[in-house]
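Following: one structure in structure tokens, then a few remarks.
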Amino acid sequence: MGFGDYPKEYNPAVHGPYDPARYYGKPDTPFGQLKLNEIGAWFGRRNKTPSALMGACSRAWWRWQHKYVQPKRCGMAPFFQLLVGSMTFFYVINYGKIKHHRNYKYH
Amino acid sequence: MLSRIALRSASARQTASTALVARGSATDAVGVRDEKNFPRPVRGEPGKVRLGFVPEEWFQFFHSKTGVTGPYAFGVGLTTYLCSKEIYVMEHEYYTGLSIFLMVYYATTRFGPKIAAWLDKEIDAVETNWNEGRVQSIKTLEESIEDEKTAQWRAEGQEILVQAKKENVLLQLEAAYRERLMTAYTEVKRRLDYQLEKSNVERRLAQRHMVDWIVTNVTKAITPDQEKQTLDRCIADLSALAAKQ
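For the protein sequence lines, the chains are A and B, in the order given. Start counting the first sequence at 1; every next residue gets the next number (full-length UniProt numbering). Start counting the second sequence at 1; every next residue gets the next number (full-length UniProt numbering).
This is the structure in structure tokens:
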């Protein structure tokens with residue numbers, strides 16, 4: 001076991017070149033198409049190890065990259081998205097401190 | 001002569017179509033490669049965004065329920081809520097952020113398109129550079145294919161030339177044969193004419209000689225008695241004729 005290995009289910013002869021944005025495990029219904037009463041069962045089926053979580057984060061990052069960064073003529077969109085994303089993230093982290101800088105007492 | 005070329009090209013076209021059929025029936029490589037579910041990844045078009053960073057899909061998500069202004073109304077309402085409840089505090093850092101935002105907006109609208117065009121040119125230059133070797137070798141190979149075809153056409157031309165030369169020789173042989181045939185005919189005709197003339201001359205001579213001989217003999221044979229008798233008879237005939245008139 002090592003970091004940076006291919007997923008266990010990836011087979012070059014069957015799947016061709018490795019695409020980091022694809023999930024190579026058993027196919028399941030996408031999250032957006034689930035009915036509300038299936039959500040619990042769906043979560044039960046998921047693989048909840050840390051490496052699986054890291055894999056999910058990595059695939060999400062690569063999917064965003066494929067869509068906004070990797071095309072030949074991408075615009076400023078990825079920069080602005082990263083900018084806004086990091087702004088909101090750091091605002092949320094520092095909210096406890098910023099709360100005390102409110103201008104009005106009653107809202 | 002040009003009909004020969006037309007016949008050849010008709011037969012060549014048929015063989016090209018049969019070759020195409022044979023190539024088309026070749027199958028893909030063996031096996032387990034799942035092309036349907038795992039197609040080869042392709043570099044796609046960039047995702048569409050509005051206002052510079054908001055993905056288009058969020059707007060489409062709202063569209064069916066709230067129409068075109070839905071997402072904007074949602075955004076305005078959310079920001080109003082955050083600002084009025086002071087969840088988003090407009091402290092001193094906010095004004096720094098606002099100034100920076102204005103500068104960034106000005107820069108993107110003023111210089112954005114020009115920088116984008118220049119960067120696009122650079123990208124195209126890099127891509128052509130990478131593809132250069134492959135494209136060049138393909139072009140060279142295609143040119144050599146064309147040259148090969150021209151050489152084949154020339155060789156065909158040589159064959160046609162040789163056939164034409166053969167025909168030429170045959171024509172010359174035919175002409176010589178006919179000329180000799182004519183010579184033979186004229187010679188034979190000359191000889192036959194000579195024979196004809198010779199026989200004509202002989203007949204004429206013989207006739208003249210015979211006439212002369214008959215006349216001299218008859219003249220010789222006329223005795224004076226006969227002459228006197230003939231004269232008397234002629235006079236009697238004449239008088240009879242005169243009496244009739």
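Ideal placement from N, C-alpha and C gives every residue a C-beta, glycine not left out. Predicted, not measured: the structure shown is a model, and the values here were computed from it.
Under 8 Å from the C-beta of residue i: neighbouring residues of chain B
i: residue 17/A; result: 40, 41
i: residue 59/A; result: Near residue 59/A there are no residues of chain B at all, since even the closest Cβ is about 13 Å away, more than 8 Å.
Sub-9 Å separation of residue i and residue j beta-carbons
i: residue 162/A; j: residue 41/B; result: Examination of residue 162/A is not possible in this model, given that chain A is present from 1 through 107 alone.
i: residue 39/B; j: residue 58/B; result: no
i: residue 44/B; j: residue 71/A; result: yes
i: residue 25/A; j: residue 9/A; result: yes
i: residue 49/B; j: residue 75/A; result: yes
i: residue 94/A; j: residue 90/B; result: no
i: residue 272/B; j: residue 14/A; result: In the structure as shown, chain B starts at 1 and stops at 245, and residue 272/B therefore has no counterpart that could be examined.
i: residue 98/A; j: residue 106/A; result: no
Beta-carbon neighbours of residue i, restricted to chain B and to distances below 7 Å
i: residue 80/A; result: 52, 53
i: residue 70/A; result: 43
Where residue i falls: helix, strand or coil (DSSP)
i: residue 32/B; result: coil
i: residue 50/B; result: strand
i: residue 50/A; result: helix
i: residue 78/A; result: helix
i: residue 238/B; result: helix
i: residue 12/A; result: helix
i: residue 7/A; result: coil
i: residue 71/B; result: helix
i: residue 79/B; result: helix
i: residue 55/B; result: strand
i: residue 37/B; result: coil
i: residue 45/B; result: coil
8 Å contact criterion, which residue i and residue j should meet: CB distance rounded
i: residue 46/B; j: residue 22/A; result: No, residue 46/B and residue 22/A are not in contact; Cβ-Cβ is about 20 Å, not under 8 Å.
i: residue 77/A; j: residue 52/B; result: 7 Å
i: residue 20/A; j: residue 62/A; result: 4 Å
i: residue 74/B; j: residue 62/B; result: 7 Å
i: residue 42/A; j: residue 36/A; result: With a Cβ gap of about 11 Å, residue 42/A and residue 36/A do not count as contacting.
Beta-carbon neighbours of residue i, restricted to chain A and to distances below 9 Å
i: residue 134/B; result: Here the premise fails: no neighbours, minimum Cβ distance about 18 Å.
i: residue 71/B; result: Within 9 Å Cβ-Cβ: nothing; residue 71/B doesn't reach chain A, min ~15 Å.
i: residue 75/B; result: Those do not exist, as residue 75/B stays about 13 Å from chain A at its closest Cβ, beyond 9 Å.
Item to check | Selection of the stretch 24-49 of chain A by Cβ proximity to chain B, strictly under 9 Å | outcome: 24, 27
Item to check | Interfacial residues, the stretch 78-90 of chain B to chain A, with Cβ spacing under 9 Å | outcome: Taking a C-beta cut-off of 9 Å against chain A, the contacting residues of the stretch 78-90 of chain B are 84, 85, 86, 87, 88, 89, 90, listed in chain order.
Item to check | Residues from the stretch 89-122 of chain B in contact with chain A, defined by Cβ distance under 9 Å | outcome: 89, 90, 91, 92, 93, 97, 104, 108, 112, 116, 119, 120
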